[in-house]
Amino acid sequence: MPKLNENILKMEKNYLFINIAKKINAFKENNPDADIIRMGIGDVTLPIAPVVIDAMKKGCDEMGVKETFKGYEDSGAGYDFLKKAVSDYYKKLGADVAPDEIRINDGAKSDCGNIVDIFGNDNIILVTDPAYPVYVDSNRMSGRKIIYADSNEENGFAAMPDFSVHADIIYLCSPNNPTGSVYTSEQLKVWIDYAKANDAVIIYDSAYEAFITDANIPRSIYCVEGAKECAIEMCSLSKTAGFTGMRCGYTVIPDTLVYRSENGSDVPLSQLWNRRQGSKFNGVSYPVQCAAAAVFTDEGQRQIHENIAYYQENARIISDTMTKLGIKFTGGVNSPYIWFKCPNNMDSWDFFDLMLAEIYVVGTPGSGFGKNGEGWFRLTAFGDRQRTIEAMERFEKFVNNMK
Ligand code: PLP
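In this text, residue positions in the sequence shown follow our numbering: the first is 46, and each later residue adds one.
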């Protein structure tokens, strides 16, 4: 009989969004006519930019011609044309990342989860709380010790390190999911100093960097001095360019990331990652990589920013409603997420149930992202404009009635 991974059995039975989907389905069964507006799951709704679709179609056509057909990609880490496009993009953000330090993947979630393979199970993992659940879940599956840095109302949901506590692997996310908060360069420098003092590695998730509007907020950790000696960065085209159904992202592992193995030799993390990927990953499809490369062209950037601007306007509509109602919130600027305090000090799930029952609007209970999320709630700006306006009209009446 196979021995099971008992660590998984110790976790909550379902991933957060499966629980939410179940609740909505149960509600729909009892209220078939309810006009539900979904502002919970962080999926995009606008179609992919035409220039990106054209590039994908061209890639498909090439696959149907003997001379241009592509089979397995040699390294599985991405075609040179895409890695070069990403490297050039980093230059525009003010970061120096060489094409060979970039690995193309099928989305940031995979690498956020898979990166644990290259580290031993006796590492101490530091996660800011609340957090995107994948960081905690992937480490719990391998039974690792996890400690938390509190993000809360007092620090504007931007946790900072406690230098008296040791960690080996640190997860940071900016702009943050779920709180929408962002780290300044000065704050990131403190995290880099902390990582270096602990000989630790930072796993930096920049999946929402394209939503940053404030020129002073870094769009990559590599814009901050010292990051290339201690940080891996993961980014995604899912929210940047509507790739949630296409699947493409990239991970940067700088050559300068070198750590000591048990036998005393210095080992680049890139070597371990390449070995891991060589055994477990065969790369992203050629047409999708063609599409991804089009995102980084001038026309691609122009078109994807039209969509981003649409979501940013939704975020403004939601934020304005919170401000009008006197509700405390973070995010909404530099981020597609609005993270607000539940009215009347309600707990997150009670508020979820009440809001669904009263106004048929769905959001995400903050407690699903960690203990500091209790009493908070996340709405996303990825919906349709008219539905967002309608949801906020319902929300305003609902909250005013609660007062
Ligand atoms: N990182 C964060 C912070 C996210 O919120 C998400 C998706 O919601 C991801 C990574 C994963 O994105 P992808 O679709 O590229 O797997």
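We treat Cβ as the ideally placed atom computed from N, Cα and C, and that holds for glycine.
Item to check | C-alpha gap between residue 402 and residue 254, whole angstroms | outcome: Locating residue 402 in the sequence shown gives position 357, where the first residue counts as 1. Locating residue 254 in the sequence shown gives position 209, where the first residue counts as 1. Straight-line Cα distance between these residues: approximately 35 Å.
Next on the checklist: Just to confirm my understanding: we take residue 302, look at its own chain, exclude 5 residues before and 5 after, and list those with CB closer than 6 Å. What are they?
Outcome noted: Walking along the sequence shown from the start, residue 302 turns up at place 257. Here the set comprises 314.
Checklist entry - Counting by C-beta, which residues lie closer than 6 Å to a heavy atom of the ligand PLP, in chain order? => result 87, 152, 153, 154, 157, 177, 218, 222, 250, 252, 281, 283, 289, 294
Checklist entry - Among 432, 349, 285, which one has its Cα closest to the Cα of residue 81? => result Translated into the one-based positions of the sequence shown, residue 81 becomes position 36. With distances taken between CA atoms, residue 81 lies nearest to 432 out of 432, 349, 285.
Next on the checklist: Can you find the residues in the same chain that come closer than 8 Å, C-beta to C-beta, to residue 208, ignoring five residues on each side of it along the sequence?
Outcome noted: Working through the sequence shown from its first residue, we reach residue 208 at position 163. Counting only Cβ-Cβ distances below 8 Å, and skipping sequence neighbours, we find 239, 242.
Item to check | Own chain residues within Cβ distance below 7 Å of residue 175, not counting five before or after | outcome: Residue mapping note: residue 175 aligns to position 130 of the sequence shown, counting from 1. Once the five neighbours on either side are set aside, the close Cβ partners of residue 175 are 196, 223, 224, 411, 414, 415, 417, 418.
Checklist entry - Counting along the chain, where does the alpha helix (DSSP H) carrying residue 340 start and finish? => result Here residue 340 is taken as the residue at index 295 of the sequence shown, counted from 1. Segment 331-340, the alpha helix (DSSP H) holding residue 340.
Next on the checklist: Does residue 47 pass the burial test, meaning 16 or more other C-beta atoms within 10 Å, or should it be called exposed?
Outcome noted: Here residue 47 corresponds to residue number 2 of the sequence shown, with the count starting at 1. Of the other Cβ atoms in all chains shown, fewer than 16 fall within 10 Å of the Cβ of residue 47; this residue is therefore exposed.
Checklist entry - If we count Cβ pairs, one from each stretch, closer than 8 Å, do we get three or more for the segment 140-151 versus the segment 173-190? => result Segments in contact, no.
Item to check | Residue range of the beta strand (DSSP E) that includes residue 49 | outcome: Looking up residue 49 in the sequence shown gives position 4. From DSSP, residue 49 is part of no beta strand (DSSP E); its letter is neither H nor E.
Item to check | Best match in 387, 127, 355, 91 for proximity to residue 333 [C-alpha to C-alpha] | outcome: Residue 333 sits at position 288 when you count from the first residue of the sequence shown. Comparing Cα positions, the closest option is 127.
Item to check | Cα-Cα separation between residue 234 and residue 378, rounded to whole angstroms | outcome: Position 189 of the sequence shown, counted from the start, is the residue given in the question as residue 234. Position 333 of the sequence shown, counted from the start, is the residue given in the question as residue 378. Cα to Cα, residue 234 sits roughly 22 Å from residue 378.
Item to check | Sub-8 Å separation of residue 383 and residue 317 beta-carbons | outcome: Here residue 383 corresponds to residue number 338 of the sequence shown, with the count starting at 1. Here residue 317 corresponds to residue number 272 of the sequence shown, with the count starting at 1. The answer is no: Cβ separation not under 8 Å.
Next on the checklist: In the DSSP output, which residue or residues are listed as bridge partners for residue 206?
Outcome noted: Start at 1 with the first residue of the sequence shown, and residue 206 comes out as number 161. Note: residue 206 sits in no beta bridge, so no partner.
Checklist entry - Which residue's Cα is closest to the Cα of residue 252: 281, 60, 141? => result Your numbering for residue 252 matches position 207 in the sequence shown. Of the listed residues, the one whose Cα sits closest to residue 252 is 281.
Item to check | Touching by the beta-carbon criterion (3+ pairs, under 8 Å), the segment 203-219 and the segment 59-74 | outcome: no
Checklist entry - What's the gap between the Cα of residue 166 and the Cα of residue 380? => result Locating residue 166 in the sequence shown gives position 121, where the first residue counts as 1. Locating residue 380 in the sequence shown gives position 335, where the first residue counts as 1. The alpha-carbon atoms of residue 166 and residue 380 are separated by roughly 33 Å.
Item to check | Close-in-space but distant-in-sequence residues of the same chain around residue 348 (CB under 7 Å, 5 per side omitted) | outcome: For the purposes of this step, residue 348 is taken as the residue at position 303 of the sequence shown. 94, 95, 96.
Checklist entry - The alpha helix (DSSP H) spanning residue 365 covers which residue range? => result The count along the sequence shown starts at 1 and reaches residue 365 at position 320. Start and end: 343-370.
Checklist entry - Can you tell me the Cα-Cα spacing of residue 184 and residue 158, whole angstroms? => result Here residue 184 refers to the residue found at position 139 of the sequence shown. Here residue 158 refers to the residue found at position 113 of the sequence shown. Spanning the two alpha carbons is a distance of roughly 8 Å.
Next on the checklist: Rounded to the nearest angstrom, what separates residue 121 and residue 269 at their Cα positions?
Outcome noted: Residue numbering aside, residue 121 sits at position 76 when the sequence shown is read from its first letter. Residue numbering aside, residue 269 sits at position 224 when the sequence shown is read from its first letter. If you take the alpha carbons of residue 121 and residue 269, they lie about 29 Å apart.
Checklist entry - Which residue from 264, 327, 162 puts its Cα closest to that of residue 119? => result Start at 1 with the first residue of the sequence shown, and residue 119 comes out as number 74. For the residues 264, 327, 162, the minimum Cα distance to residue 119 belongs to 327.
Checklist entry - Once you ignore the five residues that flank residue 321 on each side, which residues in its own chain have a CB closer than 8 Å to its CB? => result To locate residue 321, count along the sequence shown from 1; it is residue 276. Here the set comprises 159, 162, 163.
Checklist entry - What residue from 267, 339, 226 has the CA that sits closest to residue 200's CA? => result On the sequence shown, residue 200 is found 155 positions in, with the first residue counted as 1. The candidate whose alpha carbon is nearest that of residue 200 is 226.
Checklist entry - Buried or exposed: which applies to residue 310, given that a residue is buried once 16 or more other Cβ atoms fall within 10 Å of its Cβ? => result Translated into the one-based positions of the sequence shown, residue 310 becomes position 265. Exposed, because fewer than 16 other Cβ atoms sit within 10 Å of the Cβ of residue 310.
Next on the checklist: Can you give me the C-alpha to C-alpha distance between residue 284 and residue 290, rounded to a whole angstrom?
Outcome noted: In the sequence shown, residue 284 corresponds to position 239, counting from 1. In the sequence shown, residue 290 corresponds to position 245, counting from 1. Looking at the two C-alpha atoms, the distance is approximately 11 Å.
Item to check | Cutoff 7 Å; reference residue 181; Cβ partners in own chain excluding five residues on either side | outcome: One-based indexing of the sequence shown puts residue 181 at position 136. Cβ neighbours of residue 181 beyond the five flanking positions: 172, 191.
Checklist entry - Applying the criterion that 16 or more other CB atoms from any shown protein chain within 10 Å of the CB defines a buried residue, is residue 296 buried or exposed? => result Your numbering for residue 296 matches position 251 in the sequence shown. With 16 or more Cβ atoms within 10 Å of its Cβ, residue 296 is classed as buried.
Checklist entry - Taking the alpha-carbon positions, what's the residue 246 to residue 194 distance? => result In the sequence shown, counting from the first residue as 1, residue 246 sits at position 201. In the sequence shown, counting from the first residue as 1, residue 194 sits at position 149. Going by the C-alpha atoms only, they are around 16 Å apart.
Checklist entry - Who are the near neighbours of residue 443 in its chain, counting only those whose CB is closer than 6 Å to its CB and skipping five residues on each side? => result As a first step, residue 443 is located in the sequence shown; it is residue number 398 there, counting from the start. Closer than 6 Å at the Cβ level, and outside the excluded window around residue 443, lie 403, 404.
Checklist entry - So, helix, strand or coil for residue 105, using DSSP? => result Position 60 of the sequence shown, counted from the first residue, corresponds to residue 105. Note: residue 105 maps to helix in three-state DSSP.
Next on the checklist: In this structure, how does DSSP classify residue 391 when only helix, strand and coil are distinguished?
Outcome noted: Along the sequence shown, read from residue 1 onward, the residue named residue 391 stands at position 346. Correct three-state label for residue 391: coil.
Item to check | Pair within 8 Å by beta-carbon distance, residue 131 and residue 154 | outcome: As a working mapping, residue 131 is identified with position 86 in the sequence shown. As a working mapping, residue 154 is identified with position 109 in the sequence shown. Not a contact, by the Cβ cut-off of 8 Å.
Next on the checklist: Going residue by residue through the segment 242-320, where are the continuous alpha helix (DSSP H) segments of at least 4 residues, counting only ones entirely within it?
Outcome noted: 283-286
Checklist entry - Going by the beta-carbon positions, is the gap between residue 279 and residue 300 smaller than 8 Å? => result By one-based count along the sequence shown, residue 279 stands at place 234. By one-based count along the sequence shown, residue 300 stands at place 255. Contact flag unset, no.
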